[in-house]
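Notes to accompany the following structure.
Numbering (our numbering), first residue to last: 30 to 192.
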């Protein structure tokens, strides 16, 4: 899940190394998780920004026949914020009902849109494999996770058709 490919902003709560209390640091997702879980940092909630990026990606996919390039690390950031929101609600039951309600709403919205984007792109990947297997141009527009799917399905397609 946490790959180090997503950069997450975190507010430093306790001095650590070169960071002072109150600093905002941009760190890899796994470091953000460790800092947050240890109480050294607080995640800067950019869920709305990630949801906006997913919305733009969905819109781009709907308007374009071929696969479009996604913002770098979008899947990784979405998965990180899903992790963060799920755990925030679990770890902060004493938080106000309004704050928890907002976090739960963001979580539901993020999960729904993230899944829809993945399904939309998977359908396009399947069609692209059928028409253009092993295309370097297509590979350049795919996320690392999607590249693996595209390459494996291209191999299966070519074996099946004897190409």
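Heads up, the beta-carbon is just placed ideally off N, CA and C, and yes, glycines get one too. None of these values were measured; they are calculated from a predicted model.
Roughly how many angstroms lie between the CA atoms of residue i and residue j, to the nearest whole one?
{"i": "residue 38", "j": "residue 181", "result": "34 Å"}
{"i": "residue 48", "j": "residue 32", "result": "23 Å"}
{"i": "residue 58", "j": "residue 110", "result": "10 Å"}
{"i": "residue 124", "j": "residue 51", "result": "21 Å"}
{"i": "residue 108", "j": "residue 148", "result": "15 Å"}
{"i": "residue 42", "j": "residue 70", "result": "5 Å"}
{"i": "residue 130", "j": "residue 104", "result": "24 Å"}
{"i": "residue 163", "j": "residue 61", "result": "36 Å"}
{"i": "residue 173", "j": "residue 190", "result": "26 Å"}
{"i": "residue 98", "j": "residue 115", "result": "28 Å"}
{"i": "residue 160", "j": "residue 177", "result": "17 Å"}
Provide the residue span of the beta strand (DSSP E) that contains residue i, from first to last.
{"i": "residue 71", "result": "70-72"}
{"i": "residue 99", "result": "It is not in any beta strand (DSSP E) - residue 99 carries neither H nor E in the DSSP assignment."}
Check the C-beta distance from residue i over to residue j and give it rounded, since I have them as a contact under 8 Å.
{"i": "residue 87", "j": "residue 146", "result": "5 Å"}
{"i": "residue 142", "j": "residue 72", "result": "Actually they do not touch by this definition, with Cβ atoms about 20 Å apart."}
{"i": "residue 36", "j": "residue 63", "result": "Going by Cβ atoms, the distance from residue 36 to residue 63 rounds to 15 Å, so no, they are not a contact pair."}
{"i": "residue 132", "j": "residue 112", "result": "Not a contact, Cβ separation roughly 13 Å."}
Tell me whether residue i is buried or exposed, calling it buried when 16 or more other Cβ atoms sit within 10 Å of its Cβ.
{"i": "residue 93", "result": "exposed"}
{"i": "residue 157", "result": "buried"}
{"i": "residue 67", "result": "exposed"}
{"i": "residue 134", "result": "exposed"}
{"i": "residue 83", "result": "buried"}
{"i": "residue 102", "result": "buried"}
{"i": "residue 165", "result": "exposed"}
{"i": "residue 185", "result": "exposed"}
{"i": "residue 152", "result": "exposed"}
{"i": "residue 192", "result": "exposed"}
{"i": "residue 53", "result": "exposed"}
{"i": "residue 154", "result": "buried"}
How would you write the range of the alpha helix (DSSP H) that residue i sits in, first residue to last?
{"i": "residue 40", "result": "Here residue 40 belongs to no alpha helix (DSSP H); instead the beta strand (DSSP E) covers 36-41."}
{"i": "residue 55", "result": "Taken as a continuous stretch (DSSP letters only), residue 55 belongs to no alpha helix (DSSP H), being part of the beta strand (DSSP E) at 53-57."}
{"i": "residue 50", "result": "First-last for residue 50: undefined, no H or E at that position."}
{"i": "residue 138", "result": "126-160"}
{"i": "residue 81", "result": "76-92"}
{"i": "residue 177", "result": "173-190"}
{"i": "residue 116", "result": "103-120"}
{"i": "residue 166", "result": "165-168"}
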